Amino acid sequence: MKICDILSANQPTLSFEVFPPKKADDFEKIEAATNAIAELKPDFMSVTYGAGGSTSKFTAEIASNIEARGVTALAHLTCVNATKESLDAQIKDLKNRSIENILALRGDLPAGVESTEDWVYKHASELLPVIQADGDFCIGGACYPEVHPEAVNSAQDIENLKKKVDAGCKFLTTQMFFDNELFYNFLYKIRSAGINEPVVAGIMPVTNAKQMAKIHDLSQAYLPHKFVRLLDRFGGSPEAMKSAGIAYATEQIIDLVASGVNNIHIYTMNKPSTAAAIQHNLAGIIPSCEGK
Ligand code: FAD
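Below you can see the structure in the form of structure tokens.
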């Protein structure tokens, strides 16, 4: 099924992100975790892609497993260091596996690289025509409520986001954020700029204090005092941190849905118990969480 159709149904949805293994030795373990998450029957699931292609074949394989469990899959694809031939091969593989949805991304700059000048595809918007020429996919893209780190300012970042949407991006998924007010402000700005596509809010349940430093490095998300207090108080106890992290994410989601934000995406970190707990907490609020 196309994600564009799922999102246009105008009712709250809950979807999950998983990541593929980095090396073949870990495939079975990660396959088991992602299959267990698919058994929770969310509205759809996304599978990340190792920029540069290191985990590319695993992305397609895990996405196929998800579809085989009756859940719509969204395969991420990056154009960092890609050629037309390498992209065509990836897209053909997805098409052969009947994957209908692609999240078109540029990918992060590899360590030591400061500019995309030498690349064939410099921005995610340049990847869209390649995907469009290769098949009938529903294509999404990323967006950054707290501004992409390479953008000079919010206005410039939103101008660039508009180019991606004008190139055919049918929905947007946000970078994680921990302060809903920043997201509401972003939503107001992009709507004012004429970006009207559905925006799926990316929520990270932080269930492990150690993972927080890495997450923060990657996302540079603002951490509200309330969240920092929680980390300080419960970070030393894995059990308490898991409960508190899931409760914080649940509260964020309930506020989002109450404010009219229908589409929520959970960064599950491949943890079936975290995904299941969030679903359970949202029974009665999001239809696909009913009875979970
Ligand atoms: P772009 O949309 O190309 O934007 C990157 C920068 O270029 C921004 O500063 C933007 O303002 C600017 N820009 C964009 N278009 C133009 C233009 N036409 N002219 C001038 N400037 C422009 N990374 C992975 O490697 N694998 C994944 O699976 C993955 N999944 C992700 C999922 C989500 C939901 C998010 C939010 C991020 C994900 N990332 C992933 C990280 C992502 O690759 C990085 O954040 C990367 O730095 C930017 O990718 P992008 O597609 O947003 O790039």
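The sequence shown begins at 489 in the numbering used here and counts up one residue at a time. A virtual CB, placed ideally from N, CA and C, is assigned to each residue, including glycine. Just so you know, these numbers come straight off a predicted model, no measurement behind them.
Expected contact under 8 Å - CB spacing of residue i and residue j to nearest Å
| i | j | result |
| --- | --- | --- |
| Ile-691 | Ala-737 | 5 Å |
| Glu-614 | Cys-657 | About 12 Å separates the two Cβ atoms, so there is no contact after all. |
| Val-781 | Lys-572 | This structure cannot settle anything about residue 781, because the visible part of the chain is limited to 489 through 780. |
| Val-535 | Ala-551 | 5 Å |
| Pro-760 | Gln-499 | In fact, because the Cβ distance is near 25 Å, the residues do not count as touching under 8 Å. |
| Asn-668 | Val-506 | Actually they do not touch by this definition, with Cβ atoms about 24 Å apart. |
| Gln-708 | Pro-637 | 6 Å |
Cβ shell of residue i (< 7 Å), same chain only, five flanking positions each side left out
| i | result |
| --- | --- |
| Ile-491 | Phe-532, Thr-560, Leu-562, Asn-589, Cys-626, Gly-628, Phe-659 |
| Ile-741 | Ile-691, Ile-752, Leu-770 |
| Ile-494 | Thr-501, Asp-531, Phe-532, Thr-560 |
| Ser-642 | Val-635, Lys-677 |
| Ala-521 | Asn-758, Pro-760 |
Cβ neighbour criterion (16 or more within 10 Å) applied to residue i
| i | result |
| --- | --- |
| Ala-612 | buried |
| Ala-497 | exposed |
| Pro-726 | exposed |
| Asp-606 | exposed |
| Gln-767 | buried |
| Gly-595 | buried |
| Ser-544 | buried |
| Asp-513 | exposed |
| His-564 | buried |
| Ala-526 | buried |
| Val-716 | exposed |
| Lys-730 | buried |
For residue i, the nearest candidate out of the options (CA to CA)
| i | options | result |
| --- | --- | --- |
| Ala-764 | Ala-681, Phe-504, Asn-498 | Phe-504 |
| Ala-599 | Pro-693, Leu-591, Lys-510, Leu-706 | Leu-706 |
| Ile-579 | Asp-624, Arg-594, Val-608 | Asp-624 |
| Ile-678 | Glu-647, Thr-756, Gln-708, Asn-696 | Glu-647 |
| Lys-652 | Ala-697, Glu-778, Ala-592 | Ala-592 |
| Phe-515 | Ser-574, Ile-703, Gly-682, Ala-548 | Ala-548 |
| Gly-682 | Lys-650, Ile-703, Asn-668 | Lys-650 |
| Thr-566 | Asn-584, Gly-538, Asn-553, Asp-576 | Gly-538 |
Cβ neighbours of residue i in the same chain (closer than 8 Å, five flanking residues each side left out)
| i | result |
| --- | --- |
| Phe-671 | Pro-633, Thr-662, Phe-665, Ala-689, Leu-744, Val-749 |
| Gln-620 | Ile-627, Gly-656 |
| Asn-553 | Glu-519, Thr-522, Asn-523, Ala-526 |
Beta-carbon proximity list for residue i, same chain, < 6 Å, skipping 5 on both sides
| i | result |
| --- | --- |
| Thr-604 | Lys-610 |
| Ala-655 | Ser-613, Leu-616 |
| Phe-795 | A query on residue 795 cannot be resolved here, the shown segment of the chain reaching from 489 to 780 and no further. |
| Glu-555 | Ala-561 |
| Cys-631 | Leu-649, Leu-660, Thr-662 |
| Phe-674 | Pro-633 |
| Ser-586 | none |
| Lys-583 | Gly-623 |
For residue i, three-class secondary structure by DSSP
| i | result |
| --- | --- |
| Tyr-609 | coil |
| Glu-634 | coil |
| Phe-515 | helix |
| Ser-747 | coil |
| Glu-505 | strand |
| Ser-731 | helix |
| Ser-552 | helix |
| Ser-761 | helix |
| Val-601 | coil |
| Ala-520 | helix |
| Met-533 | strand |
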